[in-house]
Amino acid sequence: MDKRMTAAEVVAELSSGMTLGIGGWGSRRKPMALVREMLRSDLKDLTIVAYGGPEIGLLCRYGKVKKVIYGFVSLDSIPLEPNFRQARQSGSIEAVELDEGMLQWGLYAAALRLPFLPTRAGLGSDVMKYQPHLKTVKSPYEDGEELVAMPALELDAALIHMNRADERGNGQFLGPDFFFDDLFCMAAKRRFMSCEKIIRTEDFAKEGSFHTQRINRTMTDGVIETPNGAHFTECPSDYGRDEAFQSKYAKTAKDPDAWQKFKADYLDVSEDEYQQRIAR
Amino acid sequence: MSDVDRAEICIVAIAEAFRGDGEILISPIGNLPQIGCKLAISTFEPDLLMTDGVAFLQANVTPVGGAAGPEKIVEAYMPYREIFNMLWNGRRHVMMGASQIDKYGNQNIACIGEFAAPKAQLLGMRGAPGNTINHPTSYWVPNHSTKTFVEKVDVCSGLGYDRVRALGKESSRFHCIKRVVSNLGVFDFDTPDNTMRLLSVHPGVTVDDVIENSSFELVIDTDVPESRSPTDEELHLIRDVIDPNGIREKEIRA
Chain A
63 MDKRMTAAEV
73 VAELSSGMTL
83 GIGGWGSRRK
93 PMALVREMLR
103 SDLKDLTIVA
113 YGGPEIGLLC
123 RYGKVKKVIY
133 GFVSLDSIPL
143 EPNFRQARQS
153 GSIEAVELDE
163 GMLQWGLYAA
173 ALRLPFLPTR
183 AGLGSDVMKY
193 QPHLKTVKSP
203 YEDGEELVAM
213 PALELDAALI
223 HMNRADERGN
233 GQFLGPDFFF
243 DDLFCMAAKR
253 RFMSCEKIIR
263 TEDFAKEGSF
273 HTQRINRTMT
283 DGVIETPNGA
293 HFTECPSDYG
303 RDEAFQSKYA
313 KTAKDPDAWQ
323 KFKADYLDVS
333 EDEYQQRIAR
Chain B
15 MSDVDRAEIC
25 IVAIAEAFRG
35 DGEILISPIG
45 NLPQIGCKLA
55 ISTFEPDLLM
65 TDGVAFLQAN
75 VTPVGGAAGP
85 EKIVEAYMPY
95 REIFNMLWNG
105 RRHVMMGASQ
115 IDKYGNQNIA
125 CIGEFAAPKA
135 QLLGMRGAPG
145 NTINHPTSYW
155 VPNHSTKTFV
165 EKVDVCSGLG
175 YDRVRALGKE
185 SSRFHCIKRV
195 VSNLGVFDFD
205 TPDNTMRLLS
215 VHPGVTVDDV
225 IENSSFELVI
235 DTDVPESRSP
245 TDEELHLIRD
255 VIDPNGIREK
265 EIRA
């Protein structure tokens, strides 16, 4: 089977109002080429589920987001994602702010096709106050402990970015942390994996130990080769974060002119053009 | 030792928060907590486990702030998924920051103002709800004022004693706030109703300074001691080994 497709074909499969999970963590190994393609589309009213980074800030700034389900939204080296902050402070998006572990549990429940998973995390905190849809459950055993019943976070589609993939849809991460990308895929109906490079299946073993081959092809529907496609987030061991570019991006939040220029220079252009411009 | 500065006093107070912890994972958030934890490992708590901030447990102490030092020795792999497991397993003590903290130790790092459209969106809940209900927590507040030590937090991310008490015995059994260290003093909750107590004031700070900069009433014993100063050995470790570039001086206001 050949699952190769283009970013445009991925976005054509998405529609307004969908719930989308985006892999990675903060400003790390985000499927940014796919996100940039979404920015150029007419998608709107999206619900985004993520360990959030610049993809959330950008989608919010473009007015494509109705709701964000997250534990944090950060650029790592810049702790607060400035465009996301603006969106929150203007009240323009619905915020489902969870404990980081609750988010994992929601994805895991969806991945396992369970209605919920119990956890102690969240109890007593204002997560429960601001998310009144969250309910608790009592242990049916002697202890009788009351726990949060974290509901499954079912996704219409998941977007992840790997270092290597083959055309059949296996994926390999070569950095220090896989994050929760398998759970995003398993929680979703449609699963799209961008990658730095498509290689032959027999070449995975040359790239890293078998422990790095964490995405198997039941987890994916599409494979998109997007060299430097996580830019400006980091994608070790292929490349680190482009801090100078990230800082330029961050400065657009409070400066409409800077935003217009940033948008015209880098976002209202094709991915090829983007890659050429950042290489200059 | 008269030339010891406030940052160095705070670092020792932070290290002291981990005394007696033994062989557990410690997660210090922020520069001074990083330095304090490395000091604890280098002196009285050598069995503590600490990550390199990426995805590995590091067996040796290396300097902070990109200063040159020995090569890092990895003792185990610890990506986020394993941290979450450790956290719910309970063998961990975190030191987080707090944009607001109240007398029961409720902490806010989520936002200031109304949640629906906050005046200031901060870090978000991050791991605070799960941390505080699963294992010991301490806090580092570099800017002690009536705006950070508040009567009531705008949003509760980390649980204080009043909230866990309301949850009952089962849910509260792993909750413990060991210490709060600020730029003015050291605090704990070892009082009959678990409200915050002033344990010590840093040299150069008076009890009145602490009272004036706190919006709620602290429990204050008649004789409040001074926070202890670093030993010569500790001072050497802080200045020459752990933080030779002096990043500690950038984090606090004396």
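Listed in order, the protein sequences are those of chains A and B.
Going by our numbering, the first residue of the first sequence is number 63, and it counts up by one from there.
Going by our numbering, the first residue of the second sequence is number 15, and it counts up by one from there.
Every residue, glycine too, gets a C-beta built ideally from N, C-alpha and C.
Fair warning: this is a prediction, and the values are worked out from it, not measured in the lab.
Can you give the beta carbon distance from residue i to residue j, rounded, assuming they're within the 8 angstroms contact cut?
i	j	result
T181 of chain A	L142 of chain A	About 26 angstroms; that fails the 8 angstroms criterion.
C257 of chain A	H223 of chain A	7 angstroms
N225 of chain A	T263 of chain A	About 15 angstroms; that fails the 8 angstroms criterion.
Run down chain A in chain order and give the residues with a C-beta less than 7 angstroms from the C-beta of residue i.
i	result
A69 of chain B	P238, D239
F98 of chain B	G163, Q166
R177 of chain B	G186
Who are the neighbours of residue i on chain B, taking C-beta pairs under 8 angstroms?
i	result
F134 of chain A	L137, G138, M139, R140
S152 of chain A	A131
W321 of chain A	By Cβ distance, chain B contributes nothing, its closest Cβ being about 18 angstroms from W321 of chain A, past 8 angstroms.
Give me the chain B residues within the contact set of residue i, using Cβ-Cβ distance strictly less than 9 angstroms, ordered along the chain.
i	result
R276 of chain A	Result: empty, since nearest Cβ-Cβ is about 11 angstroms, beyond 9 angstroms.
E208 of chain A	L181, G182, E184, S185
When you compare only the Cα positions, how much space is there between residue i and residue j?
i	j	result
P217 of chain B	K316 of chain A	41 angstroms
P318 of chain A	A312 of chain A	12 angstroms
A21 of chain B	P156 of chain B	9 angstroms
K117 of chain B	E59 of chain B	29 angstroms
S154 of chain A	P213 of chain A	25 angstroms
I40 of chain B	F32 of chain B	8 angstroms
K166 of chain B	S228 of chain B	12 angstroms
M15 of chain B	D168 of chain B	With a pLDDT of 49 at M15 of chain B, under the threshold of 50, the modelled position of that residue is not reliable, and the figure given next carries that caveat. If you take the alpha carbons of M15 of chain B and D168 of chain B, they lie about 41 angstroms apart.
T81 of chain A	L137 of chain B	23 angstroms
I354 of chain A	R66 of chain A	Outside the shown range of chain A, which is 63 to 342, sits residue 354 of chain A, and nothing can be said about it.
T220 of chain B	M164 of chain A	42 angstroms
A227 of chain A	E96 of chain B	25 angstroms
F86 of chain B	G67 of chain B	In the sequence as presented, Phe is not what sits at residue 86 of chain B; that position holds Lys. For K86 of chain B and G67 of chain B, the distance between alpha carbons rounds to 12 angstroms.
R252 of chain A	S103 of chain A	18 angstroms
V233 of chain B	M210 of chain B	6 angstroms
F240 of chain A	G83 of chain A	15 angstroms
D107 of chain A	L101 of chain A	13 angstroms
C190 of chain B	K200 of chain A	23 angstroms
Put residue i into one of helix, strand or coil per three-state DSSP.
i	result
D161 of chain A	coil
C125 of chain B	strand
E27 of chain A	For chain A, the structure presents residues 63 to 342; residue 27 of chain A sits outside this window and is missing.
A219 of chain A	strand
I131 of chain A	strand
K191 of chain A	helix
A180 of chain B	helix
T181 of chain A	strand
V169 of chain B	coil
Y301 of chain A	strand
R33 of chain B	coil
I234 of chain B	coil
V331 of chain A	coil
G343 of chain A	Outside the displayed span of chain A (63 to 342) sits residue 343 of chain A, for which this structure offers no information.
Run down chain A in chain order and give the residues with a C-beta less than 9 angstroms from the C-beta of residue i.
i	result
L173 of chain B	L185, G186, S187
W154 of chain B	What W154 of chain B touches in chain A: nothing, since even the nearest Cβ is about 15 angstroms away.
P93 of chain B	P238, D239, F240, F241
With DSSP as the reference, please indicate the residues paired to residue i in a beta bridge.
i	result
E296 of chain A	A:R90
I225 of chain B	In DSSP, I225 of chain B forms no bridge with anything.
F242 of chain A	DSSP lists no partner for F242 of chain A.
I191 of chain B	B:T151
E208 of chain A	A:K200
T81 of chain A	A:T109
L39 of chain B	B:L63, B:R106
I260 of chain A	A:A227
D202 of chain B	B:R211
E247 of chain B	E247 of chain B pairs with nothing; no bridge assigned.
S196 of chain B	B:V155
A134 of chain B	B:I126
Mind listing the chain A neighbours of residue i? Cutoff is C-beta to C-beta under 8 angstroms, in chain order.
i	result
G144 of chain B	D161, E162, G163, M164, T181, R182, A183, G184
L101 of chain B	G163
Whose Cβ in chain B lies nearer than 7 angstroms to the Cβ of residue i?
i	result
P141 of chain A	L137
Y203 of chain A	By Cβ distance, chain B contributes nothing, its closest Cβ being about 12 angstroms from Y203 of chain A, past 7 angstroms.
Y192 of chain A	F129
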